[in-house]
Amino acid sequence: MDNKKLAPKKLFSPFSVFALIVFSSVIISNFYFFYFKKDYEFIVESFCDSTLEQCFERDCTNPDDCPANGFSTFKRYSLNANDFQYCENEDCTLACESEQIECEQIECEPDPEFGENCTSPVSESESISEEVVEEE
11 MDNKKLAPKK LFSPFSVFAL IVFSSVIISN FYFFYFKKDY EFIVESFCDS TLEQCFERDC
71 TNPDDCPANG FSTFKRYSLN ANDFQYCENE DCTLACESEQ IECEQIECEP DPEFGENCTS
131 PVSESESISE EVVEEE
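Residues in the sequence shown are numbered consecutively from 11, following our numbering.
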């Protein structure tokens with residue numbers, strides 16, 4: 011028989027302590043970044059009148075293709091997540107347009123992958139000519 015005593019196993023090796031510290035610091039820094047500092051951007055959609063301004067447009071004939079807001083013509087704003095709390099009922103239109111919060115309107119670019127097109131505002135001369143054609 012062997013009379014040698016076995017050395018007790020260490021509970022934590024230096025590598026596992028280092029890995030635990032790194033893992034904990036990543037979790038803590040992400041929690042701070044996303045929960046307290048909120049240093050990331052939200053993109054929100056709001057109603058857009060395509061007769062007055064250029065808007066994004068999507069086909070909402072199939073309800074599954076549209077988000078819950080149901081906007082077929084809309085405009086997009088980019089805003090800091092920390093400012094989102096000032097939007098009333100998750101609608102940031104009033105807060106953005108009154109410059110209560112800092113928002114950046116996203117320019118319309120067609121995106122066929124998502125089925126989005128851009129509309130052009132109808133000028134007065136175009137709307138008058140359309141009315142004349144309809145009357146004839």
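By construction, the Cβ of each residue, glycine as well, lies at the ideal position given by its N, Cα and C atoms.
N-terminal and C-terminal residue of the beta strand (DSSP E) that residue i is part of
i: F124; result: It is not in any beta strand (DSSP E) - F124 carries neither H nor E in the DSSP assignment.
i: I53; result: E51 to F57
i: F66; result: C65 to R68
Pairwise C-alpha distance: residue j and residue i
i: S137; j: N92; result: Here S137 scores only 46 on pLDDT, less than 50, and its place in the model should not be relied on; the value that follows carries that caveat. Their backbone Cα atoms lie some 42 Å apart in a straight line.
i: F84; j: G125; result: 13 Å
i: S60; j: S108; result: 20 Å
i: I53; j: D101; result: 11 Å
i: C118; j: P77; result: 18 Å
i: F81; j: T129; result: 14 Å
i: E140; j: F66; result: Because E140 carries a pLDDT of 46, less than 50, the predicted location of this residue cannot be relied on, and the following value inherits that uncertainty. Whole-angstrom Cα-Cα distance: 22 Å.
Where residue i sits in the DSSP three-state scheme
i: L89; result: strand
i: T71; result: coil
Extent of the continuous alpha helix (DSSP H) run through residue i
i: C106; result: T103 to E107
i: F25; result: P24 to F41
Residue i, buried or exposed, once every other Cβ within 10 Å from all chains shown has been counted against 16
i: L89; result: buried
i: E134; result: Here the model assigns E134 a pLDDT of 49, short of 50, so the residue's position is not dependable, and the following value carries that caveat. Classification for E134: exposed.
DSSP bridge partner residues for residue i (one or two, in chain order)
i: E119; result: DSSP, once it has assigned bridges, lists no residue as partnering E119.
i: C113; result: L89
i: F84; result: F57 and F66
i: E98; result: D101
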